[in-house]
Amino acid sequence: MNEQYSYTIEGSGPGLLLAHGAGGGIEANFGPLMADLRGTHTVVGPDLPGAGATPRSASPLDLDTVADTLVATAVGAGVERFTVLGYSLGTAVAVRAATRHPDRVEGLGLTAGVGELLDGDRALLARFATLVAVGAPTLEALSAEELTARLRAAEGFVPEGSPEQVDLAASVDTRDDLPRITVPTLVVATTLDRLVPPEASRELAEGIPGAEYAEVGSGHLIADEAPDAWLSLVRDFLDRHDRARV
């Protein structure tokens with residue numbers, strides 16, 4: 001298998017592998033869910049190249065290698081089988097992991113299915129993500145000072161490997177993978193999302209046999225805008241899936 005990414009591992013129980021989004025990270029994309037998830041699962045959170053402690057890639061990223069390395073990281077951490085919870089770019093990584101490693105992947109949770117982001121420097125990406133990915137109600141409720149503070153804070157969370165991650169997000173195409181998915185799958189659409197429209201999530205759900213589909217009234221940054229609603233859907237799916245496996 002491929003070399004491993006840096007990662008965090010928390011909790012105990014059935015395996016749960018996280019796949020974060022482009023320009024994001026485990027804490028930024030899944031932070032509000034972690035305390036609950038680690039209470040029932042062994043949660044492995046790898047950092048994609050250029051995020052966290054994983055070195056930035058010197059060459060363009062390709063989806064097969066990223067998916068293989070994500071799986072290798074979980075296995076290297078001692079988690080042999082797992083559900084993959086993917087967000088944004090991580091949804092494509094999760095789907096590819098399921099088709100390339102059916103002996104490892106037992107379920108999929110796909111939120112805000114990947115779309116094309118903005119290439120460029122980290123500050124520009126942070127501003128773009130905040131202004132476009134945040135739902136209009138949340139954005140409009142911010143004062144000028146709060147918006148400025150949020151933009152500045154966002155720059156600090158954009159990892160140095162964002163350009164390569166964004167390029168990968170703009171190039172992935174998993175449409176041929178979808179009919180080959182045979183594990184239980186939950187697809188969550190962010191209905192106020194101006195970065196990745198909910199239609200993309202509906203297409204994911206329609207393409208995966210037997211996939212469940214749900215919606216949350218949120219912009220792309222669901223962990224910030226609607227963490228409780230998101231967690232409720234993920235928790236219900238995991239609980240039912242875990243009971244079925246037992």
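Counting along the sequence shown from 1, when you hit position 85 you're at 85 in UniProt numbering, and nothing is skipped either side. Virtual Cβ for every residue (Gly too), placed ideally from N, Cα, C.
Of all alpha-carbon atoms in Leu195, Gly21, Asp236, Ser218, the one lying nearest the alpha-carbon of Glu212 is that of Asp236. For Glu215, the secondary structure class from DSSP, reduced to helix, strand or coil, is strand. Contact between the stretch 75–85 and the stretch 13–27 is present: 3 or more CB-CB pairs across the two stretches fall below 8 Å. Ser6 and Leu48 have their C-alpha atoms some 8 Å from each other.
Glu225 has its alpha-carbon roughly 17 Å from the corresponding atom of Asp36.
Within the DSSP secondary-structure output, Val43 pairs in a beta bridge with Glu10, Leu16.
Going by beta carbons, Gly90 and Thr42 fall outside the 8 Å limit. When beta bridges are read from the DSSP output, Thr83 appears opposite Leu16, Gly107.
Taking 8 Å as the cut-off, the Cβ atoms of Ala97 and Val71 count as close. Listed in chain order, the non-local C-beta contacts of Pro137 below 8 Å within the same chain comprise Leu192, local neighbours out to five positions each way being set aside.
Proximity to Gly78 across Ala200, Gly113, Arg104, Val66 peaks at Arg104, based on C-alpha coordinates.
Here Ala22 is buried, its C-beta having at least 16 other C-beta atoms within 10 Å.
A Cβ-Cβ separation of about 7 Å places Pro179 in contact with Gly207 under the 8 Å criterion. A residue is called buried once 16 or more other Cβ atoms fall within 10 Å of its Cβ, and Pro102, having fewer, is exposed.
Arg100 is a Cβ neighbour of Asp68, given a cutoff of 8 Å. Under the rule that a run must span 3 or more residues, the beta strand (DSSP E) segments found entirely inside the stretch 177–237 read 185–190, 212–216. Spanning the alpha carbons of Thr73 and Glu3 requires a straight line of approximately 8 Å. Distance from the CA of Ala189 to the CA of Pro209, rounded to the nearest whole angstrom, comes to 17 Å. Taking a contact as a CB-CB distance under 8 Å, the pair Leu33 and Pro227 counts as one, their CB atoms being some 7 Å apart. Per the C-alpha coordinates, the member of Val66, Ala53, Asp64, Tyr87 positioned closest to Asn29 is Tyr87. Residue state for Pro137 is assigned as helix, using DSSP reduced to three classes.
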